[in-house]
Amino acid sequence: MHILPWVFLIALLIGLGIVLKRAWLAREAEAATPEASDPASTETPKDFAAQMKGLFQERLQGLQRAWGREDQADTVARFREWAAKNFTANPEVRQWLAALTDDQITALTTHLRAFCHDMGFELTWLLDRRLTQNKGLTQGLTQIVTLYSCASYEAVMLQEEVESFRIYHEYIQNPQSRANRELGEHLFGKLVEQGKGTVSISAHLSASPRKRQQQIVETIQHVAV
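In case it helps, the working numbering puts the sequence shown at residues 101 to 325.
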């Protein structure tokens with residue numbers, strides 16, 4: 101995995117990409133008319149993904165209501181105690197879990213409990229030590245829960261890089277859209293300031309508009325490779 105080439109792009113893409121992209125989308129949404137939004141004809145993969153996310157969130161909320169707030173608070177305390185004993189081989193994950201707020205632990209254990217339930221067992225079996233007489237099953241389920249927690253940790257650690265790549269990928273897919281042209285121009289200027297441009301400022305300014313856009317895309321691609 102080539103991480104280093106993205107290091108200096110992350111701050112720029114996160115800072116510029118998110119702000120500019122969302123600002124542009126907000127302006128587009130304000131300009132849209134009700135007549136232009138026909139759900140049957142305008143549904144996109146992103147719409148479908150949003151629907152799936154909404155259904156999953158509804159399911160989690162339903163589970164939270166079923167478990168109850170008091171049960172959630174109890175689960176947080178028991179999970180913290182369990183994690184402190186079962187992540188000795190993963191000190192970085194153990195420290196990360198210990199630093200999470202109760203609300204964050206609640207969010208994690210809500211997802212974790214749903215996952216365990218879908219896999220045919222309950223997280224509380226481990227937290228309540230109900231499997232003390234079955235060491236083999238205890239070890240197997242403990243490994244599943246620790247791997248899930250470790251995967252959550254790795255996902256969080258990669259969030260900035262993932263967001264950076266997502267913005268870059270969306271830009272490269274359609275660099276000539278009005279929103280992406282604005283993003284590209286800002287990013288190109290920042291890269292030139294850092295001495296990472298592939299063309300001189302004089303050559304860029306003297307080029308035709310089409311050529312300038314090409315130079316911007318080439319510079320961004322060159323830095324990202």
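Glycine included, C-beta positions come from ideal geometry on N, C-alpha and C.
Return the CA-CA distance between residue i and residue j, expressed in angstroms with no decimal places.
i, j, result
"Trp-196", "His-211", "17 Å"
"Gly-168", "Glu-222", "Low per-residue confidence applies at Gly-168: pLDDT is 49, beneath 50, and the placement is therefore not dependable, though the value from the model is reported in the following sentence. Gly-168 and Glu-222: Cα-Cα distance of roughly 16 Å."
"Thr-242", "Lys-235", "10 Å"
"Thr-201", "Ser-302", "52 Å"
"Ser-306", "His-269", "28 Å"
"His-322", "Ala-199", "38 Å"
"Leu-231", "Leu-237", "7 Å"
"Thr-246", "Ile-267", "31 Å"
"Gly-220", "Thr-209", "16 Å"
"Arg-312", "Gly-295", "17 Å"
"Gly-297", "Val-193", "39 Å"
What do you get for residue i, buried or exposed, if any count of 16 or more other CB atoms within 10 angstroms of its CB means buried?
i, result
"Ile-205", "buried"
"Arg-213", "buried"
"Asn-274", "exposed"
"Ser-249", "buried"
"Asn-280", "buried"
"Val-256", "exposed"
"Phe-187", "buried"
Within the continuous alpha helix (DSSP H) that includes residue i, where are the two ends?
i, result
"Arg-278", "278-293"
"Arg-230", "Neither: Arg-230 is in no alpha helix (DSSP H) and is coded neither H nor E."
Put residue i into one of helix, strand or coil per three-state DSSP.
i, result
"Asp-202", "helix"
"Ser-300", "coil"
"Ser-68", "Because the chain is modelled from 101 through 325, residue 68 falls outside the range shown and cannot be assessed."
"Gly-78", "Lying outside 101 to 325, the shown extent of the chain, residue 78 is not represented and no answer is given."
"Pro-275", "coil"
"Asn-186", "helix"
"Leu-258", "coil"
(Q) Within 8 Å, do at least three Cβ pairs link the stretch 303-316 to the stretch 281-289? (A) yes
Could you tell me whether the stretch 252-263 touches the stretch 287-299, using the rule of 3 or more Cβ pairs below 8 Å? no
TODO: Please determine if the stretch 178-189 and the stretch 217-236 are in contact, where contact requires at least 3 C-beta pairs separated by less than 8 Å.
DONE: yes
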